[in-house]
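Everything below concerns the one structure shown next.
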Amino acid sequence: MANNEDFHDELGCSHIATSATNPLRPDAFDKTDEEKIALIRKDVESILNTLGMDLTDDSLSGTPNRVAKMFVKEIFGGLNPSRKPSSSTFQNHYKYNEMLVEKNIVVYSTCEHHLLPIIGRAHVGYISNGTVIGLSKMNRLVEHYAKRPQVQERLTMQIVQELQRVLGTEDVACVIDAKHLCVNSRGIKDIESSTVTAEFGGKFKNEATRKEFLDYIKLETKF
142 MANNEDFHDE LGCSHIATSA TNPLRPDAFD KTDEEKIALI RKDVESILNT LGMDLTDDSL
202 SGTPNRVAKM FVKEIFGGLN PSRKPSSSTF QNHYKYNEML VEKNIVVYST CEHHLLPIIG
262 RAHVGYISNG TVIGLSKMNR LVEHYAKRPQ VQERLTMQIV QELQRVLGTE DVACVIDAKH
322 LCVNSRGIKD IESSTVTAEF GGKFKNEATR KEFLDYIKLE TKF
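The sequence shown begins at 142 in our numbering and counts up one residue at a time.
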């Protein structure tokens with residue numbers, strides 16, 4: 142058992158993903174949000190009681206319920222497919238066929254290994270093959286997939302795969318540059334480091350196209 146625990150500790154501390162999709166059980170959405178909140182509230186109460194906190198204190202008495210609602214409806218709300226934003230697309234009537242890039246989309250996610258924040262920026266680009274998407278929808282898609290227990294590599298892939306599906310083209314790219322508080326605030330406690338991940342599809346696999354995209358977002362990282 143100790144060896145198994147050591148293995149899982151090493152896996153988590155090294156921030157290694159084991160799945161390209163979020164690992165969910167088949168019964169993940171059998172319970173309503175209200176039922177989940179009630180159960181999580183009890184779990185948070187148990188954690189705080191175990192730590193020796195006085196839950197009769199005015200400052201702490203509402204914490205279990207606040208945390209439970211936050212987990213279900215906010216920071217992990219993107220797990221529920223019913224909350225997936227609609228992706229309105231339009232015909233490219235003005236025949237714009239160059240690269241479209243939206244950069245500096247704010248990313249707030251949560252590391253699935255320590256449940257600590259991942260904070261950074263996503264840069265997303267695509268080349269239309271006849272269909273375009275509203276700019277705000279790109280932000281909403283990033284937000285939706287970020288609101289899960291995540292690893293950054295998976296998040297980057299999910300954003301690209303969803304836009305490829307919506308736009309009907311492989312020509313999509315995403316780069317994320319983010320700080321992981323599980324690295325910055327614990328463990329090695331390196332407050333300066335950030336993690337850069339990238340996913341390039343279709344024409345973005347071409348060196349010249351990829352360089353153009355990276356020039357747009359002013360990122361000098363080599364891929």
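No residue lacks a Cβ here, since even glycine has one placed at the ideal position from N, Cα and C. Here the structure is a predicted model, which is why all the values come from computation and not from measurement.
- Task: Report buried or exposed for F253, applying the criterion of at least 16 other Cβ atoms within 10 angstroms of its Cβ.
- Result: As written in the sequence, residue 253 is Glu, which differs from the Phe given in the question. With 16 or more other CB atoms across the displayed protein chains lying within 10 angstroms of its CB, E253 is buried.
- Return yes when at least one heavy atom of the ligand HEM lies under 7 Å from the C-beta of T173, else no. The ligand HEM is not part of the structure shown, which contains no ligands of any sort.
- Can you tell me the Cα-Cα spacing of M240 and T251, whole angstroms? M240 and T251 have their alpha carbons spaced roughly 30 Å apart.
- Task: Quick one: grab the DSSP three-state call for F217.
- Result: The answer is coil: DSSP assigns F217 none of H, G, I, E or B.
- Query: Closest to L180 by CA distance: which of D199, K210, D195 is it?
  - Reply: Among D199, K210, D195, the Cα nearest to that of L180 is on K210.
- Message: Whether or not the segment 222-233 and the segment 262-282 are in contact is what I'm after, with contact meaning three or more pairs of Cβ atoms, one per stretch, closer than 8 Å; do they touch?
- Response: Segments in contact, yes.
- Query: Looking only at DSSP bridge pairs, what is A263 linked to?
  - Reply: Looking at the DSSP output, A263 bridges to I246, I317.
- Query: Got a sec? Which residues, its chain only, sit under 6 Å from V301 by beta carbon, not counting five neighbours each side?
  - Reply: Counting only Cβ-Cβ distances below 6 Å, and skipping sequence neighbours, we find V313, C315, E340, G342.
- Name the two residues that bound the continuous beta strand (DSSP E) containing I274. It spans 272-274 - the beta strand (DSSP E) in which I274 sits, taken as one unbroken run.
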